[in-house]
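In my numbering, the protein residues as written are 1 to 240.
Yeah, the Cβ is synthetic: ideal placement off N, Cα and C, and Gly gets one too.
Just below is one structure, and these are the notes that go with it.
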C-alpha cells in the first residue's frame, strides 16, 4: 500500500500555515503527492479513515507509528431530499428567516459562530487566531457562494440559529448548522422546502459525535427517511 501527502491549498491560504493530508492507496497517486518523508514540512497534517476502509488496521498502525492522534469522529449522513407536505410556518410567527447575503452586518453572526464552534477540532488543536481564520473564511464563503439561512427572533432581530451549505452538482454539502431547540427544527424544515424548490436532489451532513444536540435532532428527523450513515475518523499531527 502506498501513501504520501497532498497539499491542502484552501486550508493553507485560510490559516497562514501549511496544511497537508495523508493520501492512501495507489489510485490516489495519479495526483501529485509528496513523499511521507516530507511530514516535517507541514504544520498540520490530517488523515481521514472509514472503519470499513480496505487495510484499515494497516492504515491505523501507520498513523500511530507516525505519532498521529485521533482528532474527531464524524457521522456522515447521506440522503435524498425528503418529500414532505409544504410546511406551514405560521405557528412560528415570532421568528423569521433571512438570507445570509441580506445581513447588513455579519459580525454578530461570525462572533456567534465562533462561540458555537469552540468545541471543533481546530479550536482544540491550533492557536485560537489560526482556527478563527479558518472558520470565518468557511462561513463567509458559504454566505457569498453557497446558500445560507439566518434564523431571527422578530422582536429584537437577535440571531437564534444558522444553516449554510454549498451546492455541487445538485448535492448540498459542507454544512454549517448551529442553534438550539426550535432553531434546528425550523432551519431544517425551511431547508427541505428550499431544496425541493431549487432542484437539490440529495445532501450530505457531517456531524461530530461530540455535537450531541445536533445528532439528536438529525436522528429524529431522518428516522423515517431512507438514508445511509458512514463514519469518518479524523487523525492529525501538528508541527507548530
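Residue i and residue j closer than 8 Å at C-beta
i	j	result
residue 151	residue 165	no
residue 149	residue 111	no
residue 17	residue 38	no
residue 71	residue 236	yes
residue 160	residue 179	yes
residue 182	residue 221	no
Span of the beta strand (DSSP E), counted from its first residue to its last, around residue i
i	result
residue 173	171-179
residue 227	227-238
residue 99	95-99
residue 6	3-7
residue 22	19-24
residue 70	69-80
Cα-Cα separation between residue i and residue j, rounded to whole angstroms
i	j	result
residue 33	residue 126	24 Å
residue 113	residue 184	14 Å
residue 231	residue 155	41 Å
residue 11	residue 46	11 Å
residue 73	residue 210	8 Å
residue 227	residue 79	5 Å
residue 58	residue 48	14 Å
residue 215	residue 207	7 Å
residue 196	residue 117	29 Å
residue 106	residue 192	24 Å
residue 7	residue 19	6 Å
residue 115	residue 55	38 Å
Nearest-angstrom Cβ-Cβ length linking residue i and residue j, presumed shorter than 8 Å
i	j	result
residue 229	residue 77	5 Å
residue 248	residue 167	Because residue 248 is not part of the residues shown, which for the chain are 1 to 240, the question remains open.
residue 238	residue 44	6 Å
Spatial neighbours of residue i in its chain, beta-carbon cut-off 7 Å, leaving aside the 5 residues before and after
i	result
residue 96	152 and 154
Own chain residues within Cβ distance below 8 Å of residue i, not counting five before or after
i	result
residue 199	170
residue 51	231 and 233
Delimiting residues of the alpha helix (DSSP H) encompassing residue i
i	result
residue 128	128-145
residue 187	182-198
residue 65	56-65
residue 122	121-125
Beta-carbon proximity list for residue i, same chain, < 6 Å, skipping 5 on both sides
i	result
residue 134	14, 15 and 122
residue 172	165, 200 and 203
residue 177	163
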